[in-house]
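Take any residue in the sequence shown, note its place counting from 1, add 157, and you have its number in the numbering used here.
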Amino acid sequence: MRSSSDGGIVMTDRPDQILVEQIQAGYSDVFGLLAKKYQHKVYQMAYHFTHNADGARDLSQEIFLKAYRSLPKL
Numbered sequence: 158m159r160s161s162s163d164g165g166i167v168m169t170d171r172p173d174q175i176l177v178e179q180i181q182a183g184y185s186d187v188f189g190l191l192a193k194k195y196q197h198k199v200y201q202m203a204y205h206f207t208h209n210a211d212g213a214r215d216l217s218q219e220i221f222l223k224a225y226r227s228l229p230k231l
């Protein structure tokens, strides 16, 4: 896997589609930018379903893991 620090240019203001394409090209650390962008929203939704902080954190982690694993299929 590539790292964005080894020559790839990653900017946080890039559209999500560009970030996804970079991840698919092997720059796996770019996923952190997407996760950071959506972490609050995902956590809020997870909390709505679990009604507790620990459950929301666990569910959020599962959601991001599933999203990461699904990226090659897009």
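For each residue, glycine too, the CB sits at the ideal point set by N, CA and C.
Neighbour-count burial assignment, A182, 16 or more Cβ in a 10 Å radius: exposed
Beta-carbon gap between V177 and L222 smaller than 8 Å: no
One or two residues paired with Y195 in a DSSP bridge: Looking at the DSSP assignment, Y195 forms no beta bridge with any residue, so it has no partner.
Classification of Q201 by the beta-carbon crowding that lies within 10 angstroms, buried from 16 upward: exposed
Cβ pair L216, F206 closer than 8 Å: yes
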